[in-house]
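S.K.: Below you will find the structure I want to go over with you.
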Amino acid sequence: MLRLIGKRLLLLIPTLFGLSVLLFLWVRSLPGGPATALLGDKATPEAVARVNAAYGFDKPLVEQYFQYMGRILSGDFGSSLLTNRPVLEEFAARFPATLELSAFAIVFAVALGIPLGYWAARHVGRWQDQLAVLLSLMGVVVPVFFLAFILKWVFAVQLGWLPPDGRQNPRIDATHYTNFFVWDGLITGEFDAAFDAFTHLVLPGIALGTIPLAIIARITRASVLEVQNADYVRTAKAKGLAPNLIRNRFVMRNAMLPVITTLGLQLGLLISGAVLTETVFAFNGIGSFLWDAIFNLDFPVLQGFIIFIALIYSLINLVVDVSYGLIDPRVRVS
Amino acid sequence: MSFTPRRRRLSAVTAAAAAAALLLSSCAQSQRDDSGDNGDSGSESSVDGNFIFAASSDPKSLDPAFASDGESFRVSRQIFEGLVGVEPGTADPAPLLAESWESSEDGLTHEFTLKEGVKFHDGTDFNAEAVCANFDRWYNFEGIQQSETQAYYYGKLFRGFSDSPDTAVYKSCEATDEGTATVTLNQPFAGFIASLSLPAFAMQSPAAMEEHGADEASGTAEAPELTEYARAHPTGTGPYKFDSWAVGQDIKLSSFDDYWGEKGQVTNITFRVIDDPVARRQSLEAGQIDGYDLVSPADVGSLADAGYNIVNREPFTILYLGMNQEVEELKDLKVRQAISYAIDKDALIRQTLPEGTKKAVTFIPDMVNGYTEDVEKYEYDPEKAKQLLAEAGYEDGFTVDFNYPTGVSRPYMPTPEQVFSNLSGQLAEVGIKVNAKPEKWSPDYLDRVQGSANHGIHLLGWTGDYNDTDNFVGVFFGGEKPEFGFNDPDLFEALNEARQVPNLEEQTPMYEEINKQVSELAPAVPLAHPAPSLAFAERVESYPASPVNDEVFNQIKLSE
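Chain order of the listed sequences is F and U. Each residue of the first sequence is one higher than the one before, starting from 3 at the first, in my numbering. Each residue of the second sequence is one higher than the one before, starting from -7 at the first, in my numbering.
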């Protein structure tokens, strides 16, 4: 197991190196250049030239790359052109928000998706199954931003049940240590703040979690259908084992393997969903910030954030691979 | 100069204020009656002093000397005050931290008599030494601090720093006594007093700047980094002091107990960052915020119907249709005049621009010194336009590129796409066909229009900073620019000369002349002065809307 983890971690090095080269070249070949983004609409061409010279955007690419790598390796990702703050600081301030949101979304997706899929499989061919399939199809085809917009309009603007945007009601005096707002509220004992932060997660979390929910439900259904007709399940039934035991130990445990693979992939995809969701709900995470960075060609932020995201994505996949071993002893052996 | 419009405006303001005061006192009365058994609240009225305003982005910097964007200035105006303020509802300078000033005949020496008993938020005294420390600080900016992304306004207006004394406007500052500061300039600068009303020239506590390293510039990497002072310790004399800034989330301010002036009903301000305009509107509708700026014209009607308070600023903007004279047809004055005659500005305003928008005759709003209507007005006249086109040899019209930005909303142009389709329809009436050339605002559109000759007619505009013709016309036509593609040394020279005249009496007629000159040249069609709108929750009874955004929240009146 440790060898597996070590090997996977080593693989990260060439992956990230390749990514850094691609990013570097891509970002610098974009039209327009960073100076205009930096100076805004009152800039003169002379000013643009001056900024290019001052920031080294006019140096040869190779030279720029080595400088850039040198700084990255020493932990200096530069500062955002938009906010003039260090990229690392921006990431640290915003990532907890996205993580909190993603956690809500994935818990929502798993907690509803797996039972829905199982329920459909148990009633295969009947109306329950067709309803579940229809629901999950709708979940996949409705674009995230549209769903976000509708949820917000209905539940926040029209009904007023849940807050329309942000992470915390500014009228609540909350203390923040870790930038995980729900967690902060719990550890400081400010339960009203924790609850408030949680209510702010609900709508964006549902919007973000709907596609993974639909996919997980479909995979669970297919997988359960396959497993429940397997020989060992039939044998177990023939042995007269209790139905609950059969479901938990034989059917679900085996059926979960493809679901976990899907889950790992979906976790990575949540970031791209978060860009849209966070923008609609003015949720201050890395998604909405990345969106601004793309639109304003904020080079250092794009370079830094994409590398961090790639790193996190790789680590998530590592965790998923390791968890196979925990669920399926056969993987451990091989 | 005519005084009537201003007086009328002033009396309107006074009347509104009186009405608000009346309303307010009756409200306060009734609330006091209601809360009879809760006598220890002590405050004058029991309104909720928490005021939440949606900002479209984080400020760039809390150190206003290094900022030039609206969101930074919005926050700065609460924390800081300058020597010079703005007369409410106008763009004219008014006393603020300086109670009065006297300028020498030659325009080189300015003596400021300072308000007494003013304290910075860190408890230090505001005095002549602090004034000079601020002037000297700006003058001594070096390296990256001088760049356009940093000390934009100082560089632009004072045209030089201590390492370039030849061009610098500023010479020295002397603290004659505790309450008198004398600023000496190298060359006359008629806009000097008016420009000091910009937040970029607000007075900051020298002690706090020293303690928190306001001038420890670090810009070795690809971008300059905010100093500790600019992130977490802005210290001024204004009615609100800084509490916290959670990046991307909100900025919190609270009343400064030792403020010299009126503290107002708003005791705590939260600027929430909501970058999506639709989200700002929905947040107001859901009761999460008390107000937001730059309401889209399409939302104004429905918000007003739903009971929200819509406030329009006096327009201090200009939207124009630029004509690039690098284009063969547009080089001909007759063609440019024809385009000017072909445009029905009233129809354009009615159909695409917000309520309160004024029709433009020149490139400056009517409250700016040097405004005159005694210019070539090009009143809508399609027949004349056709005739001029025929005279220029284009009986059958011609085709020209029409560049416009998409997906952007500026204070002077909320919906460029609509302005484009309206104008292209009007031009077609006289036989001018357009090739639509839409582009993303930044950097594509701006690069093309301002940085290259490769464009035709185009939409652009400006929001003024303070009362000065040069701040409008000088920016557009003060030198040869790819945007307009013409070289007129007479006009450039006239603008340069007017800028250096030491007093307004002499300067105003020069600018009137320049406005006439520009009209005759027709380098662009001044279309309109759009009025930006703000929307507020019902409890906001009045908001100190200002054409130059000089809006301090201690002036806000709340009803609950």
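For each residue, glycine too, the CB sits at the ideal point set by N, CA and C.
Run down chain F in chain order and give the residues with a C-beta less than 7 Å from the C-beta of Thr554/U.
M.R.: Residue 554/U is absent from the structure shown; chain U starts at -7 and stops at 552.
S.K.: Are the region 52 to 68 of chain U and the region 132 to 145 of chain U touching by the rule of at least three beta carbon pairs closer than 8 Å?
M.R.: Flag = yes, the region 52 to 68 of chain U and the region 132 to 145 of chain U touch.
S.K.: May I ask you to list the residues that DSSP assigns as paired with Lys111/U?
M.R.: Paired residue(s): Asp117/U.
S.K.: Report yes if the C-beta distance between Leu205/F and Gly141/F is below 7 Å; otherwise report no.
M.R.: Contact: no.
S.K.: Of the choices His521/U, Gly41/U, Val422/U and Asp338/U, whose alpha-carbon is the least far from that of Glu306/U?
M.R.: If we check each option's Cα against that of Glu306/U, His521/U comes out closest.
S.K.: Helix, strand or coil for Leu286/U, going by three-state DSSP, please let me know.
M.R.: Leu286/U falls in the coil class under three-state DSSP.
S.K.: Using 10 angstroms around the beta-carbon of Phe193/F, count the other beta-carbons present and answer buried if the total reaches 16, otherwise exposed.
M.R.: Counting Cβ neighbours within 10 Å, Phe193/F comes out exposed, since fewer than 16 surround it.
S.K.: Which runs of the alpha helix (DSSP H) spanning at least 4 residues fall entirely within the region 142 to 207 of chain U, listed in chain order?
M.R.: Counting whole runs of 4 or more residues, the region 142 to 207 of chain U contains the alpha helix (DSSP H) stretches 144 to 150, 184 to 187 and 198 to 203.
S.K.: Can you tell me the Cβ-Cβ gap for Ala224/U and Trp237/U, rounded? I've got them flagged as a contact below 8 Å.
M.R.: At roughly 7 Å, the Cβ-Cβ gap stays under 8 Å, so Ala224/U and Trp237/U are in contact.
S.K.: Quick one: is Ser81/F near chain U, going by C-beta distance under 7 Å?
M.R.: Yes, contact with chain U.
S.K.: Tyr370/U and Ser332/U look like a contact to me (Cβ under 8 Å); what is the Cβ gap, rounded to whole Å?
M.R.: Between Ser332/U and Tyr370/U the Cβ distance is about 4 Å, and since that is below 8 Å, they are a contact.
S.K.: On a CA-only basis, which of Lys154/F, Leu136/F and Gly72/F is nearest Thr201/F? Give me that one, please.
M.R.: Answer by Cα proximity: Lys154/F.
S.K.: Would you mind reading off the limits of the beta strand (DSSP E) that contains Leu519/U?
M.R.: Unbroken beta strand (DSSP E) run through Leu519/U: Ala516 to His521.
S.K.: For the beta strand (DSSP E) that contains Pro570/U, what are its first and last residues?
M.R.: This structure cannot settle anything about residue 570/U, because the visible part of chain U is limited to -7 through 552.
S.K.: To the nearest angstrom, report how far apart Arg69/U and Ile243/U are at their CA atoms.
M.R.: Distance between the alpha carbons of Arg69/U and Ile243/U: 14 Å.
S.K.: Could you tell me the boundaries of the alpha helix (DSSP H) in which Pro117/F lies?
M.R.: Val89 to Arg124 is the span of the alpha helix (DSSP H), which, as asked, contains Pro117/F.
S.K.: Between the region 466 to 482 of chain U and the region 442 to 457 of chain U, are three or more C-beta pairs nearer than 8 Å?
M.R.: Touching, yes.
S.K.: Could you tell me which residues DSSP pairs with Ile449/U in its beta bridges?
M.R.: According to DSSP, Ile449/U bridges with Met315/U and Phe394/U.
S.K.: For Asp84/U, which residues of its own chain have a beta-carbon under 6 Å away from its beta-carbon, when the five flanking residues on both sides are left out?
M.R.: The residues are Asn459.
S.K.: So that I know if they touch, is there some Cβ in chain F lying closer than 7 Å to that of Ala213/U?
M.R.: With a pLDDT of 34 at Ala213/U, under the threshold of 50, the predicted position of this residue should be treated as unreliable, and no value is reported.
S.K.: Contact criterion: CB-CB distance below 7 Å. Does Pro98/F meet it with respect to chain U?
M.R.: No, because no Cβ of chain U sits closer than 7 Å to the Cβ of Pro98/F.
S.K.: In the DSSP assignment, what are the bridge partners of His102/U?
M.R.: Looking at the DSSP assignment, His102/U forms a beta bridge with Ser95/U and Val175/U.
S.K.: Looking only at its chain, what residues have a beta carbon closer than 7 Å to the beta carbon of Thr190/F, apart from the 5 residues adjacent to it on each side?
M.R.: The residues are Thr177.
S.K.: What residues from chain U crowd round Val64/F, counting only those whose CB sits closer than 7 Å?
M.R.: Simply none; closest approach about 17 Å.
S.K.: Hey, would you say Asp267/U sits closer than 7 Å to Ser49/U, going by beta carbons?
M.R.: Closer than 7 Å, so yes.
S.K.: Tell me the residue span of the beta strand (DSSP E) that contains Trp237/U.
M.R.: Trp237/U -> beta strand (DSSP E) spans Tyr232 to Ala238.
S.K.: Look at the alpha carbon of Asp25/U and the alpha carbon of Phe248/U, and state the distance between them as a whole number of angstroms.
M.R.: Low local confidence applies: a pLDDT of 37 at Asp25/U is under 50, so the model's placement there is unreliable, and no value is given.
S.K.: Take the Cβ of Arg342/U as the centre, count every other Cβ of all protein chains shown within 10 Å, and call the residue buried at 16 or more, exposed below.
M.R.: Classification of Arg342/U: exposed, given that the 10 Å Cβ count is below 16.
S.K.: Spell out whether any CB of chain F is found under 7 Å from the CB atom of Ile44/U.
M.R.: So yes, Ile44/U belongs to the interface.
S.K.: For a contact meaning CB atoms closer than 8 Å, what does Ser53/U contact in chain F?
M.R.: The answer, in chain order, is Asn86.
S.K.: Would you kindly work out how many angstroms separate the C-alpha atoms of Leu100/U and Asp324/U, rounded to a whole number?
M.R.: Approximately 43 Å between the Cα atoms of the pair.
S.K.: Do Ile288/F and Arg96/F have their CB atoms nearer than 7 Å?
M.R.: Yes, the pair counts as a contact, with Cβ atoms nearer than the cut-off.
S.K.: Are any of the Cβ atoms in chain F nearer than 7 Å to that of Gln196/U?
M.R.: No, Gln196/U lies away from the interface with chain F (no Cβ there is under 7 Å from its Cβ).
S.K.: In or out: Tyr234/F buried (at least 16 other Cβ within 10 Å) or exposed?
M.R.: So Tyr234/F counts as exposed.
S.K.: Taking DSSP as the reference, what is the three-state secondary structure of Gly228/U?
M.R.: DSSP places Gly228/U in coil when its eight states are reduced to three.
S.K.: Which word fits Asn495/U, buried or exposed, when buried means at least 16 other C-beta atoms lie within 10 angstroms of its C-beta?
M.R.: With fewer than 16 Cβ atoms within 10 Å of its Cβ, Asn495/U is classed as exposed.
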